[in-house]
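Input: a single structure, listed below in structure tokens.
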Amino acid sequence: KAGVTQTPRYLIKTRGQQVTLSCSPISGHRSVSWYQQTPGQGLQFLFEYFSETQRNKGNFPGRFSGRQFSNSRSEMNVSTLELGDSALYLCASSLGRRGWNEQFFGPGTRLTVL
Amino acid sequence: GENVEQHPSTLSVQEGDSAVIKCTYSDSASNYFPWYKQELGKRPQLIIDIRSNVGEKKDQRIAVTLNKTAKHFSLHITETQPEDSAVYFCASTKWNAGNMLTFGGGTRLMVKP
Numbered sequence: 001k002a003g004v005t006q007t008p009r010y011l012i013k014t015r016g017q018q019v020t021l022s023c024s025p026i027s028g029h030r031s032v033s034w035y036q037q038t039p040g041q042g043l044q045f046l047f048e049y050f051s052e053t054q055r056n057k058g059n060f061p062g063r064f065s066g067r068q069f070s071n072s073r074s075e076m077n078v079s080t081l082e083l084g085d086s087a088l089y090l091c092a093s094s095l096g097r098r099g100w101n102e103q104f105f106g107p108g109t110r111l112t113v114l
Numbered sequence: 001g002e003n004v005e006q007h008p009s010t011l012s013v014q015e016g017d018s019a020v021i022k023c024t025y026s027d028s029a030s031n032y033f034p035w036y037k038q039e040l041g042k043r044p045q046l047i048i049d050i051r052s053n054v055g056e057k058k059d060q061r062i063a064v065t066l067n068k069t070a071k072h073f074s075l076h077i078t079e080t081q082p083e084d085s086a087v088y089f090c091a092s093t094k095w096n097a098g099n100m101l102t103f104g105g106g107t108r109l110m111v112k113p
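First to last, the protein sequences are chains A and B.
For the first sequence, the residue numbers in this note's numbering are 1 to 114.
For the second sequence, the residue numbers in this note's numbering are 1 to 113.
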């Protein structure tokens with residue numbers, strides 16, 4: 001079974017621009033969660049999508065948004081980029097059943113904001 | 001919201017020694033505690049998890065213990081090997097927020113041959 005994939009793997013943007021990242025979950029997984037990983041703040045939860053609906057949301061500004069398509073693929077968008085948005089963005093997929101579900105992480109998209 | 005603290009931030013051991021990483025959490029409603037291993041340049045991978053109805057869980061050289069009263073849980077690695085060198089993250093969540101993990105700050109484990 002193919003693992004979680006993310007595209008692109010690397011991105012360089014300038015302040016004020018916007019960016020869209022994509023995540024394809026493991027086949028059969030209906031939940032996709034997004035995390036931001038930085039040296040200073042560690043791994044922080046952004047949001048989770050399940051069946052095309054946002055199910056959970058972390059403490060990030062409204063510039064960070066996401067969506068999920070009917071095939072469970074998910075995208076996240078960051079508008080008006082700031083230098084502090086430079087990070088590794090990881091998505092994780094799971095079956096999404098009620099309760100605890102093992103999350104499988106993708107390789108991440110490394111975003112650099114200049 | 002939930003807060004997870006992890007110690008130590010770095011840990012260096014000799015091959016064959018044991019390593020212990022400790023985490024404390026703040027939300028008494030948290031009831032699922034996974035541990036992830038992230039090798040340099042790679043994705044985090046689940047290595048073991050524990051639920052609040054269990055005090056200890058073991059998988060070969062890895063074990064996790066949970067003390068609900070004190071709100072802390074620990075990862076124990078015995079007979080460490082160089083390939084155990086990585087960053088380890090603890091995390092917590094609760095039943096009705098299953099996929100919203102709160103992570104500790106991570107521990108960089110270095111196993112010296």
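Glycine included, C-beta positions come from ideal geometry on N, C-alpha and C.
(message) I'd like to confirm the pairing. Which residues does DSSP put opposite residue 42 of chain A in its beta bridges?
(response) Within the DSSP bridge table, the entry for residue 42 of chain A names A:38 as partners.
(message) Does the contact criterion of 3 or more C-beta pairs under 8 Å hold for the region 61–81 of chain A versus the region 84–91 of chain B?
(response) Note that the region 61–81 of chain A does not touch the region 84–91 of chain B; fewer than 3 beta-carbon pairs, one per stretch, sit closer than 8 Å.
(request) Report all residues from its chain with a CB closer than 6 Å to the CB of residue 105 of chain B; omit the five preceding and five following residues, and keep chain order. (result) By the criterion of a C-beta distance shorter than 6 Å, residue 105 of chain B is surrounded in its chain by 6, once the five residues flanking it on both sides are discounted.
(message) So with CB distances below 9 Å, who are the chain B contacts of residue 75 of chain A?
(response) Neighbours of residue 75 of chain A in chain B, taken as residues whose beta carbon is under 9 Å from its own, are absent, since the nearest beta carbon is some 17 Å off.
(message) Rounded to the nearest angstrom, what separates residue 91 of chain A and residue 75 of chain B at their Cα positions?
(response) Spanning the two alpha carbons is a distance of roughly 24 Å.
(request) Over the uninterrupted beta strand (DSSP E) stretch that includes residue 76 of chain A, give me the two end residues. (result) Start and end: 74–78.
(message) At the level of alpha carbons, what is the spacing between residue 70 of chain A and residue 100 of chain B?
(response) Taking the straight line joining both Cα atoms gives about 21 Å.
(request) Pair every Cβ in the region 99–107 of chain A with every Cβ in the region 58–70 of chain A, then say whether three or more of these pairs are closer than 8 Å. (result) In the pairwise beta carbon analysis, the region 99–107 of chain A is classified as not touching the region 58–70 of chain A: fewer than three pairs are separated by under 8 Å.
(request) Identify every residue that forms a DSSP beta bridge with residue 92 of chain B. (result) B:102.
(message) Let me make sure I understand the geometry here. Which of A:43, A:39, A:33 and A:41 has the alpha-carbon closest to that of residue 54 of chain A?
(response) Out of A:43, A:39, A:33 and A:41, A:33 has the C-alpha closest to the C-alpha of residue 54 of chain A.
(request) Would you kindly report the start and end of the unbroken beta strand (DSSP E) that includes residue 80 of chain B? (result) Boundaries for residue 80 of chain B: no beta strand (DSSP E) harbours it, and the DSSP string shows neither H nor E there.
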